[in-house]
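Working notes for the structure below.
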Amino acid sequence: MISGRISATLLSFTLAAPVALPQVRDIDALLAALGREPPQSISFTEVHSSKLLEHELVVRGTLEYSGPGKLSRIVAEPFAERTDIDGDSVRIHRENRPDRQFSLKRAPELGGLLTGFLAILGGDRAALEREFELALADGASGWQLTLRPKNTRTQTRIAAIRVRGAGNTPDCIVTVSRDGGAATDLLLGDAALEADIAEQRRIRCAELP
Amino acid sequence: MTGANHKAALLVVWLLALAVLYAYVASTLRLSGDLRLFLPSPATPEQALVLQGIGEGPASQLLLIALAGADQSTLAATSHALVERLRGEAAIRRIENGSTGAFPDIVTRYRYLLAPTMDRRPLDASTLRVALQDRLQDLASPAAPLIEPLISSDPTLEILSIVESWVPRNGPKSIEGAWFDSAGRRALLVVHTRAAGFDPDGQQQAYKALESAFQESSADTDIEMTVSGPGRFSALMKERTQRDARWLGSVATAALLLLLFLAYRRPRILLLAALPLASAALAGLACVSLLYGEVHGITLAFGFTLIGVAQDYPIHLFSHQRHGLDPLTNARALWPTLATGVASTCVAYLAFLGSGVIGLAQLAAFTIAGLAVAGLTTRYLLPRVTGEAFDDTAQSVHLNRAEPWLSLPVLGPRLYVGAAAVCLIAIVLAPGSFWENDLGSLTPVPRAMLVEDDSLRRELGAPDVRHLAVITADTAEQALERLESITPGLEALVTANVLAGFNHAARYLPSIARQRQRQQSLPEATTLAEALAIAQKGLPFRSDAFLPFEADVARSKTLTPLEVDGMDGSAIAVLLEGLLHRRQSDYAALVAFSGVEDVGRLEKWAEAAGEGVVLIDLKRESTALVDRQRHRILLCLAIAALLLLVVVRASLGSWRRAARVLGPMALSTLCIIAALRGAGQSLNLFHLISLVLAAGLGLDYALFFERAGADRTERLRTLHGILVCALSTLLVFALLSISSIPVLRSIGVTVALGVLFNFLLALALPREEKGHAHA
């Protein structure tokens, strides 16, 4: 689930200058279109679900990409929180609480995803394919890149990550969990700012046939 | 003809006896690497603790590892890979690099009895409310995958608070989950070996496992691994001792053979000259084996250099041997002088038998047995297998030509006193302290390695090596309760910046009383359910989300508290090692301090802490220990010197002659000390051993020259013998002075100097007409 967020973060850097592109025909062309230079900033809305929760949890905020391997996730609603990712190190800052820090190395499933998505940013298909099996679907409403983790430990938690978008703009990243456990839908850019999140998810996040 | 057969038969018997002795030694003697063999024996319980830290304590099983030579990410990744590969390795009990692995089952199960947070707040509605709000944020944070599996059974995250409280307060900094030094250049790891620190073979095995795991983990990088710690030292010392012994031994042997051949021009002599020395070595080893069962590698290295004196005995015999002289008659004539030398040297080494240092006692036993056997075989066996076919060394052209150059003017008593005074002044005025008081200098580990070790230890936030509090109690439970009772006082010291931190056993294992108290404060099932319901109000958690938590709290109320006994092998037992010692009749719990800023206030705290709490200054204790050892050895040496005087006086028959023989030796000893001190050396145990060796050599030279008196031919033969002796000894010890082991190096320098001074002073001995007038 947070992998989904991280991936979203990385993909979002490509959003700064929307260029009208024809339909994406293959993965190489898509990856080439997604590459962008830092610094970048974008709004996000996350919808979390967990078997521990009665209903979904909606979190809004901003993602910032400030350089290679460096990104921050700043939550504004419904609470204030800041997460800084620098390489493998993750630091979480909350109001009235001591900072917490951990390493992605200690959570290899996350580390693998991060590596994979850094590869998307760099248009490095070979690196991406070390971590995932890739599948691209094209439809009238846009494209859908499906990433299926190769790492068996990651597989136990995450079945797939679906990136949906149009042109060179990703709109939604869905983390599909393995056993109906914790999962995240992440809306980016304009879609994240809409009031009716349910409607946006229906349009932007649904799986393409 | 029958004489020749007789000789050959005796030679065969002798060689056979040596073979049997060798077989015995090879099958019984064990080689030990315990560096403490050369450390003094403790007089107080505090000193025992000091030594335990050096030798067999758990600290001695720790290897400190540094990885350097790559960027931080690569170093951290290599560190994690190394940990991954070494888990489950037989020679390694535990490896840590700062990463938190899976929580040990025992800690998870007992978390409500172990967590210190349980004393600070009850598991009531308001505590749970705060916790659940935090958990909700966790579920919407990047840490969610790590924390989510814990939430339903441990919403207050007690397990994390336990693990965090166990992390050393001033531990090394963590980069990408791995420990690093403060500069961020070296990744640090700690390995706990299964083998004891002084078991060089076990340590070697652990090191090999470490090496191969490192090779695999660091492929394609330029990373270099440094391994430090007592275990590494003992393995390294064994390696080095063996290597040095091998090359020193072979070079010295070859050079000695060459020297002997040049001196006597008879190949047969080479074999014969080796027999007393070989007998001495084997007899010495057999004696140590019989008395001690094991021998330290360093004892062996020292021992072989010390009994090198035995090589002189056959040389004296051969240098006086000539055509027409029955070798037995020759031996009989030389015997009083030789026996005096052997006896007085043995008496000097007797001093070390009573030194209270096992390594030294072994050394003494080895040397005394060896020298006695060498002397006796030279007197009774060697002449019976030696022929008469010797050229008279007094007729040697070279020697006759050299003799005038070697006839030094006789030093009168006034010059003696003057020279002694100059030496004394030099000794007094030399800079630095006369005695080496650092216990560390008694280990044969090179200083650079100790400095490296110290820096790693500091970076790893290992406890202050100087101060330590010891709490004694009858039972482990009492010790833990005592630790708990002094903890608030210690925390106040930390707040007041007297210390940076402290560590003791009760941090990991609370007393049974404390565990019971926590159990009792846990809410009953219905109370907990009500509190949870209140805490959950308005939060989107499912009503059944925390059923596992309720079950765990209920189970925790009925758990039998953990005890020290029966924890062997558990994750907690590993943490307790080194902090709680079971002794014969009681327990000793240690409180380790870090970053001590104000020793005075710490001392006041210890006084106020009451009975059973003793603050130990390890530095002071270890200095006292070395001091005590030195006093004892000096006393032994003084007694030995008196005995020596008696032996020499008895043998020579007059005080005048005894003084004439002992004078050069005494002055030489002063000269050596003056030279060493002048070069800025502080004297240690090994210098004392070397001084005794040098004195023994000097005594031999003086005895033989004194025996020759003014008779020119006899003097020439003696000069020949002593020249060969002095040259061969000088050769061996000059070689030793380029050894890679500092201790052997200082012995080499000391003895080489001794040979030089003693030889020159013996040449300047008064030459009297009635030389060999002994009984």
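Residue numbers (numbering that gives the first Met the number 0), protein chains in the order written: chain A, 0 to 208; chain B, 0 to 774.
Yeah, the Cβ is synthetic: ideal placement off N, Cα and C, and Gly gets one too.
Keep in mind it's a predicted model, so treat the numbers as computed, not measured.
- Under a criterion of Cβ atoms nearer than 8 Å, no residue of chain A is adjacent to residue 181/B; the nearest Cβ is some 17 Å distant.
- One alpha carbon belongs to residue 425/B, the other to residue 748/B, and they sit about 18 Å apart.
- Per the Cβ contact rule, the stretch 303-310 of chain B is in contact with the stretch 363-383 of chain B (3 or more Cβ pairs under 8 Å).
- Contact between the stretch 80-92 of chain A and the stretch 172-184 of chain B is present, with at least three C-beta pairs closer than 8 Å.
- Annotation: the continuous alpha helix (DSSP H) that includes residue 677/B extends over 654-677.
- With contacts defined by Cβ atoms closer than 9 Å, residue 62/A and residue 48/A do not form a contacting pair.
- Chain B places no beta carbon closer than 9 Å to that of residue 63/A, leaving this residue out of the contacts.
- Among the residues facing chain A, residue 219/B is not included, as its CB has no counterpart in that chain under 9 Å away.
- Secondary structure note for residue 448/B: its alpha helix (DSSP H) is the uninterrupted segment 446-458.
- By the rule that beta-carbons nearer than 9 Å mark a contact, residue 150/B touches chain A.
- Taking the Cα of residue 127/B as reference, the smallest distance to any Cα among 566/B, 531/B, 614/B is reached at 531/B.
- When Cβ-Cβ separations below 9 Å define contact, residue 147/B makes contact with chain A.
- Residues of chain A whose Cβ lies closer than 7 Å to the Cβ of residue 229/B do not exist, since the nearest Cβ in that chain is about 31 Å away.
- At a beta-carbon threshold of 7 Å, the residues of chain B lying near residue 80/A are 136, 140, ordered along the chain.
- For chain A, the residues of the stretch 536-561 of chain B that bring a beta carbon within less than 7 Å of one of its beta carbons are 539, 540, 541, 544, in chain order.
- A Cβ of chain A is located within less than 9 Å of the beta carbon of residue 75/B.
- In the pairwise beta carbon analysis, the stretch 212-223 of chain B is classified as touching the stretch 65-78 of chain B: at least three pairs are separated by under 8 Å.
- Between the stretch 714-724 of chain B and the stretch 385-397 of chain B, the count of Cβ pairs shorter than 8 Å is three or higher; the stretches touch.
- Runs of the alpha helix (DSSP H) lying entirely within the stretch 60-121 of chain B and spanning at least 4 residues, in chain order: 71-85, 104-108, 110-113, 116-119.
- Taking C-beta separations shorter than 8 Å and ignoring five residues to either side along the sequence, the partners of residue 596/B in its chain run 496, 497, 498, 499, following chain order.
- In this structure, residue 671/B sits away from residue 637/B, with a CB-CB distance that is not shorter than 9 Å.
- Contiguous alpha helix (DSSP H) elements confined to the stretch 268-326 of chain B occur at 296-305, 311-319, taking only those with 4 or more residues.
- If you draw a straight line from the Cα of residue 109/B to the Cα of residue 191/B, it is about 25 Å long.
- In this structure, 334/B is the residue among 447/B, 419/B, 334/B, 90/B with its C-alpha nearest to the C-alpha of residue 379/B.
- Taken through DSSP and simplified to helix, strand or coil, residue 742/B comes out as helix.
- For residue 133/B, the nearest beta carbon of chain A is closer than 9 Å to its own beta carbon.
- Taking a beta-carbon distance threshold of 9 Å, residue 30/A does not count as an interface residue toward chain B.
- With distances taken between CA atoms, residue 674/B lies nearest to 419/B out of 419/B, 133/B, 412/B.
- Taking the C-beta atoms as reference points, residue 207/A is found no nearer than 9 Å to residue 199/A.
- For the pair residue 689/B and residue 757/B, the CB atoms are not nearer than the 9 Å cut-off.
- For the C-beta of residue 51/A, the chain B residues within less than 8 Å are, from N- to C-terminus, 138, 147, 150, 151, 540, 541, 544.
- The count of Cβ pairs closer than 8 Å, one atom from the stretch 119-126 of chain B and one from the stretch 526-542 of chain B, reaches three, so the stretches are in contact.
- Counting C-beta atoms within 10 angstroms of its own C-beta, residue 447/B has fewer than 16 neighbours from the protein chains shown and is therefore classed as exposed.
- Residue 133/B sits close to residue 96/A, with the two beta carbons spaced by under 9 Å.
- Distance from the CA atom of residue 240/B to the CA atom of residue 383/B, rounded to whole angstroms, is 37 Å.
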